[in-house]
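**Q** Could you have a look at this structure, given as C-alpha cells, before my questions?
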Amino acid sequence: MPTGGATILHADLDAFYASVEQLLNPALRGRPVAVGGGPTGGVVLAASYEAKRFGVSGGMPGWRAARLCPELLFVRGHFAEYQQLGDAVMAIFGDVTPLVERISIDEAFLDVSGATHLFGPAAAIGRDIRARVRAEVGLPISVGAARTKHLAKIASQVAKPDGLVVVEPGTEREFLDPLPVSLVWGVGPVTQARLADLGVRTIGDLAQTPSRAVERLLGHAVGSKLSAMARDDDARRIVTARHAGSVGAQSALGRRAPDPETIRSVLAHLAERVARRLRDKGRAGRTVTVRVRFAGLRSVTRSRTLAQPVATTLTLTEIAERLTQAALADQPSGTEITLLAISVSNLAEQRVLQLELDLEPDDPWRPGSPTGAARRAVDGSLDTIRHRFGNDAAGYLPALMGDLRSVPDAFRELAEHDL
DNA sequence: TCTGGGGTCCTAGGACCC
DNA sequence: TCTGGGGTCCTAGGACCC
Numbered sequence: 001m002p003t004g005g006a007t008i009l010h011a012d013l014d015a016f017y018a019s020v021e022q023l024l025n026p027a028l029r030g031r032p033v034a035v036g037g038g039p040t041g042g043v044v045l046a047a048s049y050e051a052k053r054f055g056v057s058g059g060m061p062g063w064r065a066a067r068l069c070p071e072l073l074f075v076r077g078h079f080a081e082y083q084q085l086g087d088a089v090m091a092i093f094g095d096v097t098p099l100v101e102r103i104s105i106d107e108a109f110l111d112v113s114g115a116t117h118l119f120g121p122a123a124a125i126g127r128d129i130r131a132r133v134r135a136e137v138g139l140p141i142s143v144g145a146a147r148t149k150h151l152a153k154i155a156s157q158v159a160k161p162d163g164l165v166v167v168e169p170g171t172e173r174e175f176l177d178p179l180p181v182s183l184v185w186g187v188g189p190v191t192q193a194r195l196a197d198l199g200v201r202t203i204g205d206l207a208q209t210p211s212r213a214v215e216r217l218l219g220h221a222v223g224s225k226l227s228a229m230a231r232d233d234d235a236r237r238i239v240t241a242r243h244a245g246s247v248g249a250q251s252a253l254g255r256r257a258p259d260p261e262t263i264r265s266v267l268a269h270l271a272e273r274v275a276r277r278l279r280d281k282g283r284a285g286r287t288v289t290v291r292v293r294f295a296g297l298r299s300v301t302r303s304r305t306l307a308q309p310v311a312t313t314l315t316l317t318e319i320a321e322r323l324t325q326a327a328l329a330d331q332p333s334g335t336e337i338t339l340l341a342i343s344v345s346n347l348a349e350q351r352v353l354q355l356e357l358d359l360e361p362d363d364p365w366r367p368g369s370p371t372g373a374a375r376r377a378v379d380g381s382l383d384t385i386r387h388r389f390g391n392d393a394a395g396y397l398p399a400l401m402g403d404l405r406s407v408p409d410a411f412r413e414l415a416e417h418d419l
C-alpha cells in the first residue's frame with residue numbers, strides 16, 4: 001500500500017481537442033466549439049466547455065449537438081497538432097518525475113514520491129505543472145493528487161475545469177462519500193443503473209454496501225474491485241510502459257446490404273491496416289476476430305485461433321472473410337450491416353522472416369495460394385515503399401476506399417498511435 | 001434520424017487433458 | 001467401468017474507457 005502523503009498525481013487536459021482549436025484560432029475562444037461532425041451528420045469528437053454547457057458532449061451525433069446548441073461552431077480537427085501538443089505536455093511531466101504513466105493522448109498519472117524533496121509537496125507540484133502547461137503550451141489542465149491512482153483520477157475529475165484538487169491522507173472518506181458512483185473508474189451507464197436499483201447513488205453508499213451484494217449484482221471481478229475502490233483500498237502502481245494486447249481496425253459503413261464485393265473490399269482495407277501495424281511493431285497474432293454490426297447497433301463477433309500467428313495482409317483478409325461469412329450465415333436474409341471490424345490478439349513477438357511458416361495442411365483455415373513466403377515478400381516490398389514515401393504510396397487497394405473514409409485518416413493515425 | 005475508432009477486461013459455457 | 005475435480009484454452013458477448 002502507498003504510504004505517506006498524497007504522492008500520486010493525475011493530470012488531464014481539459015476538453016483537449018476543443019481547447020487546442022481555441023488556442024490555434026482566437027476567434028473560437030469563449031465560444032461553443034465542436035471538433036468533428038457537423039449539423040447534418042458525423043459524430044462530435046470533442047466539445048469545448050462552452051458547448052458542454054448546452055449538453056453537447058463527445059460521441060454525440062452532429063445533428064443532435066446542433067439542435068442542443070444552435071450557435072455551435074463545428075471545426076475540422078488539427079490532428080498533427082494534437083499529437084505534438086500532447087507530447088509537449090508529457091515532456092513537462094517528465095521534468096518532474098520519470099514515473100509517468102501516459103494513459104491516453106491527453107492524460108497521465110505521475111508518481112511524485114521521489115520528487116517532493118526537490119519540488120515540495122504534491123500541491124506545489126500540481127500548481128507548478130498547471131502553470132507551466134498554461135504558460136509554455138497554452139492549454140488548461142486539471143490535476144488531482146492523492147495517495148492512490150484511482151483517487152487521484154477522481155480528484156482531477158472534481159477539479160475540472162482548469163483546477164487542482166488535493167486529497168490529503170486522512171480526508172479520503174469525507175472527500176469520496178458524497179460523490180456520485182459514476183465517478184468511479186469502470187462505472188458506466190449500465191452499472192450506474194444497476195447500482196441505483198440497490199439504492200446506491202454515492203460512493204459512500206457503495207462503500208457501505210456489503211461486497212457480497214455488489215458482487216451478486218455485477219459479477220465477482222467488477223463487484224470486488226468496485227467495493228475495494230469505494231473503500232479506497234486500491235494499490236495499483238504506476239506502469240511506465242505497456243504492450244498492447246491486440247491490434248484492430250474498424251470502419252462504419254452507413255447502412256448497406258452485405259454484398260460480397262463490399263465486404264471483400266472493406267475487409268481488405270481493414271486487414272491491410274491491421275497487418276501493416278502488426279509488422280511495424282514486429283508482432284503477429286494467433287486469434288483473429290471479426291465484428292459485424294447491424295442496423296440498430298446490434299453486433300455479432302466471430303473469432304478463430306490459429307496454430308501460427310499471422311501478420312500478412314492477404315492471409316488476414318482471407319480469414320476475416322471466412323469469419324464474416326460465418327457471422328452473416330446466422331442472420332436473416334436482407335439484414336443490413338453498418339460496420340465491419342477486424343482485430344488480432346494473442347500477440348507474440350515475431351522476427352520478420354519467421355511469420356506463418358506452416359499452417360496445418362488439412363486445416364480448413366489454411367490460406368490458399370500464393371504461399372506464405374510470397375505473401376511476406378509482397379508485404380515487405382509494400383512496407384518499404386510506405387516507409388519511404390508515406391502510408392498512401394502503396395497498398396493492395398489504392399484509392400478504392402475513398403467513399404468509406406468518413407473519418408479523417410489523420411484521426412485514425414492519432415487513435416492508433418503508440419503512447 | 002440512432003453514433004467513430006482505438007482499445008481493455010470480465011463472464012460463461014464447452015472442449016480437452018490429466 | 002462412465003465417475004471426480006481441476007486447469008487451460010477457445011469462443012461469444014458485453015461493459016467500459018479515451
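In full-length UniProt numbering, the protein residues as written are 1 to 419. We put the CB at the ideal spot given by N, CA and C, even for glycine. Owing to the predicted nature of the structure, the values given are computational and were not obtained by experimental measurement.
(1) If you compare alpha carbons, which of A326, L13, G372, T313 is closest to S142?
(2) Would you mind giving the Cβ-Cβ distance between T116 and T7, rounded to the nearest angstrom? I have them listed as a contact below 8 Å.
(3) Using a Cβ-Cβ cut-off of 8 Å (strictly less than) and excluding sequence neighbours within five positions of G285, which residues of its own chain qualify?
(4) Look at the alpha carbon of T209 and the alpha carbon of G223, and state the distance between them as a whole number of angstroms.
(5) I'd like the ranges of any beta strand (DSSP E) spanning at least 3 consecutive residues and lying wholly in the stretch 87 to 149.
(6) Hey, S48 and V33: beta-carbon distance below 8 Å or not?
(7) Can you check which of these residues, V158, G55, R64, is closest to G42 by C-alpha distance?
(8) Run through DSSP, which three-state label would F411 get?
(9) Could you name each continuous alpha helix (DSSP H) segment of 4 residues or more that falls completely within the stretch 256 to 284, going from the start of the chain to the end?
(10) Buried or exposed, going by whether 16 or more other CB atoms sit within 10 Å of the CB of V184?
(11) State buried or exposed for R405, treating a residue as buried only when at least 16 other CB atoms are found within 10 Å of its CB.
(12) State the start and end residues of the unbroken alpha helix (DSSP H) segment that holds Q325.
(13) Given a cut-off of 8 Å on the beta-carbon distance, is the pair V187 and V181 in contact?
(14) State the Cα-Cα distance for the pair L135 and L306, rounded to the nearest angstrom.
(15) On the three-state DSSP scale, how would you describe R242?
(16) Just to confirm, is the Cβ distance from D383 to R298 under 8 Å?
(17) Please identify the residue among G4, G86, L218, V290 whose C-alpha is closest to the C-alpha of A196.
(18) Quick check: the Cα distance between A124 and G163, rounded to an integer number of angstroms?
(19) Counting only the same chain and skipping the five closest in sequence on each side, list residues whose C-beta sits under 7 Å from that of T202.
(20) Kindly indicate the opening and closing residues of the beta strand (DSSP E) around V20.
(21) Please work out which residues of its chain come closer than 8 Å, Cβ to Cβ, to L414, disregarding the five sequence neighbours upstream and downstream, and give them in chain order.
(22) For H10, list the residues DSSP reports as bridge partners.
(23) Does the Cβ of G144 have 16 or more other Cβ atoms within 10 Å, making it buried, or fewer, making it exposed?
(24) Between which two residues does the beta strand (DSSP E) harbouring P309 extend?
(25) Can you name the start and end residues of the alpha helix (DSSP H) that S227 belongs to?
(26) Only counting the same chain, and skipping five residues up and downstream in sequence, which positions put a Cβ closer than 6 Å to that of M229?
(27) T338 by DSSP, collapsed to three states: which one?
(28) DSSP beta-bridge partners for A249?
(29) Taking the straight line between their C-alpha atoms, what separation do you get for R20 and P161?
(30) Would you mind stating whether H10 and A155 have Cβ atoms separated by less than 8 Å?
(31) Apart from the five residues on each side of it in sequence, which residues of its chain come closer than 7 Å, Cβ to Cβ, to R375?
(32) For V200, which of helix, strand or coil comes out of DSSP?
(33) Do V290 and T324 count as a contact pair if the criterion is CB distance below 8 Å?
(34) Can you grab the Cα-Cα spacing for the pair G402 / H269, in whole Å?
(35) Which partner residues of G38 appear in the DSSP bridge assignment?
(36) Is D379 helix, strand or coil by DSSP?
**A** Well, looking at it:
(1) L13
(2) 7 Å
(3) S246, V247, L278, P309, V310, A311, V344, S345, N346, L347, A348
(4) 11 Å
(5) 100 to 104, 107 to 111, 141 to 146
(6) yes
(7) R64
(8) helix
(9) 260 to 281
(10) buried
(11) Interpretation of R405 is limited by its pLDDT of 49, a score under 50 that renders its predicted location unreliable; the figure taken from the coordinates is listed afterwards. Exposed, by the Cβ-count rule.
(12) 313 to 329
(13) yes
(14) The residue asked about is misnamed: residue 135 is Ala in this sequence, not Leu. Each residue's Cα considered, the two are about 52 Å apart.
(15) coil
(16) no
(17) L218
(18) 13 Å
(19) D177, P178, L179, P180, V181
(20) From DSSP, V20 is part of no beta strand (DSSP E) but of the alpha helix (DSSP H) over 16 to 24.
(21) F79, Y82, Q83, I105
(22) F109, G144
(23) buried
(24) 299 to 310
(25) 220 to 230
(26) H150, V184
(27) strand
(28) I342
(29) Arg is not the amino acid found at residue 20; the sequence shown has Val there. Using only the alpha carbons, I get a separation of about 15 Å.
(30) yes
(31) T312, L314, T315
(32) coil
(33) yes
(34) Low confidence applies here, because G402 scores a pLDDT of 46, under 50, leaving its location unreliable and the question unanswered by this model.
(35) G41
(36) helix
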